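Data block below; observations after.
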Amino acid sequence: MNNFDVAKTIEPRWRTLPRAFYRRDPRVVAPELLNKVLLRDDGRAGRIVEVEAYCGLEDPAAHSYRGLTRRNAVMFGPGGHLYVYFTYGMHWCANAVCGDVGNGVGVLFRAIEPIGNIEAMRVARGGPTRDRDIGSGPARLAQALGITGALDGADLVRNDRGVRIADDGTPPPADAIAGPRIGISKAVDHPWRWHVPAHGHVSRRPSRSAG
DNA sequence: GGTAAGATCAGC
DNA sequence: CTGATCTTACCA
């Protein structure tokens, strides 16, 4: 059985996360998203192994910090939708919007472990790539899953655009690692990044202090 | 209208 | 470590 078959066979049993899951503080939702499955309707699927919380008006590193704009509008909507943004002139990245209308909070997907239709993801990534390079980074996983601005605002609960998040029965790790977020220049000290311990598919190894 | 920075990645 | 590449947001 190849990976595509795995997704086709098991997917129907997976339970799509309900709206209530998202309507909470992103610092609560983020660690609970670990080991959940982010998937497309073509069978492409990845287990979420690394996430970061962004906390709206109280978080200088969040896109929503300075209030509603055209780009971050989806973040200020109700939880359970996908917020997709374009950055560095070439990369798409995706978040699960959390909280309630007006909060502007969400969780950035930083790494997935490919588990379904892996060959389609490899192709989407542009050629021969090691499995660990398919989804180990926010822009990499978005490219692997075919997530672009066309999916900004997609409803992860209703699955209105072929993207959703499901629970396949794997619980979140009891010993998730928390630490500072990556690639930001403000609010760098908040430990709002979580990942599955000792997992080969996280975007970076935990940084050792220089000293 | 001009510009600096950006929730990144691939290749040296 | 650095270049790529362009949108966004902010200032004037």
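Heads up: the first sequence begins at 9 in the working numbering, then just goes up one per residue. Even glycine gets a Cβ: it sits at the ideal position worked out from N, Cα and C. As the structure is a prediction and not an experimental result, all values here were calculated from the model.
Distance from the CA of G134 to the CA of S211, rounded to the nearest whole angstrom, comes to 18 Å. Shortest Cα-Cα distance from I190 to any of F117, A28, R21, L47 involves F117.
Nearest Cα to L42 within the set D197, A174, S193: A174. Buried is the label assigned to Y62, since at least 16 other Cβ atoms lie within 10 Å of its Cβ. With 16 or more neighbouring CB atoms inside 10 Å of its own CB, A104 falls in the buried class. Rounded to whole angstroms, the gap between the alpha carbons of E121 and Y73 is 30 Å. From the listed residues T24, Y30, K194, the smallest Cα separation to D108 is found for Y30. I123 and K44 have their C-alpha atoms spaced approximately 11 Å apart. Closest in alpha carbon position to A69, among Y93, I192, A152, is I192.
Residue range 45 to 48 is occupied by the beta strand (DSSP E) that includes R48. Inclusion of T24 and R172 in the CB contact set at 8 Å is warranted, their separation being smaller than that value. Within the same chain, A162 come within 7 Å of D168 by CB-CB distance, once the 5 residues on both sides are set aside.
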